[in-house]
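Working notes, structure below.
In my numbering, the protein residues as written are 89 to 368.
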């Protein structure tokens, strides 16, 4: 299936944003101060859904971060953000202030008066912003490590109240996002075959008990590749029944249906008999 230019651009932006969040998560994992870290939270307050990229709960402050993986030269003018070619992009401060307000309301509704400190993190080292006022809650690439080091100096220990808050926020996380925008697709449109988990190539071959990628050389146990493909099928087609024949067609390169059937029998429950049987 070939994505339209609009869908390709949407996918690129999602991928870029996710990579930025991962970069910041790796940095926060090194924190040694007493705190709770919650990433990629999807919450709701007063029927309004909002997403938090990263949340750090300390004994006296809740730190909220909006992570942006912008790359290149930008400039700030009249509370608007522009690329160097004068193309306007959404000011992340708008989303930050909205999320900060909703988070504060959510805390208060659950009996917490913990102060919220919110910041936009520009994580990409290739990002530059000109003309930004000094009073904006922006953390630039060269400031992120220093900011986290300051958090590390916090000596106040968290207690059970903060632990309960972290558990509460985690329990309020929504599994399905109303912001998800997937392109329409059907089974016949999609390329069949197993994808390399390393480089996303379809150029794979089977050598004994392993599948080898002809592009990057990565190898994987055949049964693991089949299971990964089954889960991809379930994600793409949640209403379709999982059958040996369907997964055989979906994987494409597996040499026999028996091999697929063995994997399905080992990891899924068989429902029904004969031609009406399927796995779940």
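Note that the Cβ used here is the ideal one computed from N, Cα and C, for glycine as well.
From a predicted model like this one, the values you see are computed outputs, not experimental measurements.
I believe residue i touches residue j by the beta-carbon criterion, under 8 Å. Please report the beta-carbon distance rounded to the nearest angstrom.
i, j, result
"residue 345", "residue 333", "7 Å"
"residue 151", "residue 144", "4 Å"
"residue 169", "residue 179", "5 Å"
"residue 135", "residue 193", "Not quite, the Cβ-Cβ distance comes to about 12 Å (not below 8 Å), so this is no contact."
For residue i, count neighbouring C-beta atoms within 10 Å of its own C-beta (all shown protein chains included) and say buried if the count is 16 or more, exposed if not.
i, result
"residue 162", "buried"
"residue 364", "exposed"
"residue 304", "exposed"
"residue 244", "exposed"
"residue 257", "buried"
"residue 287", "exposed"
"residue 262", "exposed"
"residue 293", "exposed"
"residue 328", "exposed"
"residue 233", "exposed"
"residue 331", "buried"
"residue 373", "Nothing in the structure corresponds to residue 373, since the chain is present only between 89 and 368."
Taking 9 Å as the threshold (beta carbon to beta carbon), is residue i in contact with chain C?
i, result
"residue 368", "Structure shown: chain C not included; a single protein chain is present."
Given this structure, state the Cα-to-Cα distance separating residue i from residue j, to the nearest angstrom.
i, j, result
"residue 348", "residue 184", "48 Å"
"residue 255", "residue 248", "10 Å"
"residue 259", "residue 131", "10 Å"
"residue 362", "residue 295", "31 Å"
"residue 323", "residue 198", "34 Å"
"residue 159", "residue 215", "5 Å"
"residue 211", "residue 339", "38 Å"
"residue 223", "residue 209", "15 Å"
"residue 273", "residue 125", "37 Å"
"residue 92", "residue 276", "17 Å"
"residue 237", "residue 117", "12 Å"
"residue 172", "residue 206", "27 Å"
"residue 300", "residue 313", "10 Å"
"residue 250", "residue 103", "32 Å"
"residue 302", "residue 270", "30 Å"
"residue 114", "residue 146", "18 Å"
"residue 297", "residue 309", "6 Å"
"residue 367", "residue 356", "6 Å"
"residue 155", "residue 101", "13 Å"
Are the beta-carbon atoms of residue i and residue j separated by less than 9 Å?
i, j, result
"residue 285", "residue 204", "no"
"residue 311", "residue 351", "yes"
"residue 246", "residue 123", "yes"
"residue 181", "residue 165", "no"
"residue 106", "residue 227", "no"
"residue 316", "residue 342", "no"
"residue 201", "residue 119", "no"
"residue 280", "residue 121", "no"
"residue 138", "residue 217", "no"
"residue 325", "residue 335", "no"
Using a Cβ-based criterion (distance less than 8 Å to any ligand heavy atom), does residue i qualify as near the ligand GDP?
i, result
"residue 252", "Because no ligand of any kind appears in the structure shown, any question about the ligand GDP cannot be addressed here."
Ordered list of beta strand (DSSP E) runs contained in the segment 260-325, each at least 3 residues
292-295, 298-301, 307-309
Taking only runs that begin and end inside the segment 217-258, name each unbroken alpha helix (DSSP H) of 4 or more residues, in chain order.
Counting only runs of 4+ residues, the alpha helix (DSSP H) found wholly inside the segment 217-258 occupies 232-240, in chain order.
Identify every run of the alpha helix (DSSP H) within the segment 126-199, keeping only runs that are complete inside it and at least 4 residues long; order them along the chain.
180-197
Note down, one range per segment and in chain order, each beta strand (DSSP E) of at least 3 residues found wholly within the segment 92-126.
none
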